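Asks:
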Amino acid sequence: MEILVIAIGLRAAPSEITYAIYDVDAKAVVDIDQIVVPTAMEWPAALKYVRSNLLDILRECEVRCAGIRLAESNAKTQNISRLHLEGVIQEAFASSDLNGYYVGAIPTMAARLGVPRGDMRGIIGGINRFEVEGWDKLSEKEREALLAAMGSLRV
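Quick note on the numbering used here: the sequence shown kicks off at 5 and runs consecutively.
In structure tokens, the structure reads:
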């Protein structure tokens, strides 16, 4: 029986988390979607909702490795909601059965992907460096999530 290695990459924004599920062996995208933060809930309950949904995704998809695309530390303005979501993601990963995960901004992702840091802007902007089917149809957030998943292969 073949054991599949499934990776997930996540990119948080203040109101949603974009995630990409990637089959490492087939080098294929399994799914790209979002967890939308419910606005009708108080913030702690919304964070709990995100954590619960993320753990369900990890379990149902049998994810083994993961990567989180963090906000740049030198950003002119840090969005506190995004930082909270990134923290909840890390806590969920620590509570899961993942074999390993990494967290990092663009320079870390570039190193993990084996590409020069300067190439990342073009790749995120649409250059299909990794020959991913449908790359041109993905948003930048979706590309960042997928790149985070692809970079998690060596955790």
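Beta carbons are placed, not taken as given, at the ideal position from N, Cα and C, and that holds for glycine.
Note that this is a predicted model, so its numbers are computed, not measured.
What are the complete beta strand (DSSP E) segments, minimum 3 residues, inside the region 92 to 151?
Replies: When DSSP assignments are scanned along the region 92 to 151, the uninterrupted stretches of beta strand (DSSP E) that are 3 or more residues long and fall wholly within it turn out to be 104 to 108.
Asks: Can you tell me the Cβ-Cβ gap for proline 42 and alanine 30, rounded? I've got them flagged as a contact below 8 Å.
Replies: Residue mapping note: residue 42 aligns to position 38 of the sequence shown, counting from 1. Residue mapping note: residue 30 aligns to position 26 of the sequence shown, counting from 1. Actually they are not in contact, since the Cβ atoms of proline 42 and alanine 30 sit about 34 Å apart, beyond 8 Å.
Asks: Ignore the nearest five residues each way along the sequence and tell me which others in asparagine 3's own chain have a CB closer than 8 Å to its CB.
Replies: Because the chain is modelled from 5 through 159, residue 3 falls outside the range shown and cannot be assessed.
Asks: Using the three-state DSSP reduction, which class does aspartate 60 fall into: helix, strand or coil?
Replies: Numbered from 1 along the sequence shown, position 56 holds the residue referred to as residue 60. Looking at aspartate 60 - three-state DSSP - the assignment turns out to be helix.
Asks: Where do the ends of the beta strand (DSSP E) carrying cysteine 69 lie?
Replies: For the purposes of this step, residue 69 is taken as residue 65 along the sequence shown, with counting starting at 1. Counting along the chain, the beta strand (DSSP E) containing cysteine 69 begins and ends at 67 to 73.
Asks: Once you ignore the five residues that flank leucine 102 on each side, which residues in its own chain have a CB closer than 6 Å to its CB?
Replies: Within the sequence shown, residue 102 is the residue found at index 98, counting from 1. The residues are Ala70.
Asks: Taking only three categories from DSSP, how would you classify glutamate 76?
Replies: Here residue 76 is taken as the residue at index 72 of the sequence shown, counted from 1. The answer is coil: DSSP assigns glutamate 76 none of H, G, I, E or B.
Asks: Less than 6 Å between C-beta atoms, sequence neighbours within five positions excluded: which residues of the same chain meet that for arginine 116?
Replies: Taking the first residue of the sequence shown as position 1, residue 116 is located at position 112. Gly155, listed in sequence order.
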